[in-house]
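Enquirer: Following this note's numbering from start to finish, the sequence shown increments by one per residue and tops out at 72.
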Amino acid sequence: MKSTNTPEYKAIIEKLVAARKAKKLSQAALAKLLGKHQSYIAKIEIGERRIDIIELLEIGKIVELDFSKISS
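(1) Check whether the region 12-27 touches the region 37-57, counting contact only when three or more Cβ pairs, one atom from each stretch, lie closer than 8 Å.
(2) What number of angstroms, rounded off, separates the C-alpha of isoleucine 51 from the C-alpha of glycine 35?
(3) Please state whether DSSP places lysine 21 in a helix, a strand or coil.
(4) Assuming the contact rule is C-beta atoms closer than 8 Å, alanine 19 and glutamate 55 should be a hit. Round their C-beta distance to whole Å, please.
(5) Along the chain, where does the alpha helix (DSSP H) that runs through glutamate 58 open and close?
(6) Tell me whether serine 3 sits in a helix, a strand or coil according to DSSP, three-state version.
Here you go:
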């Protein structure tokens, strides 16, 4: 399994968390919109679960993350 500890991966997750909070969504609210449990979001945010590209796109769409700025 790939690491969730790389600086690049951590930066992406930090941007997802910031975007979720900017939308004033709790982990539970975001999880509900995705049809998942709150623990799913929590594990992604603390690095216990690695997010795949499809999940990144789904979450990014909900929190309106600007993917053109994700690597900056």
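Note that beta-carbon positions come from the ideal geometry of N, C-alpha and C, so glycine has one too.
Expert: In short:
(1) yes
(2) 16 Å
(3) helix
(4) So it is not a contact: roughly 14 Å between Cβ atoms.
(5) 53-63
(6) coil
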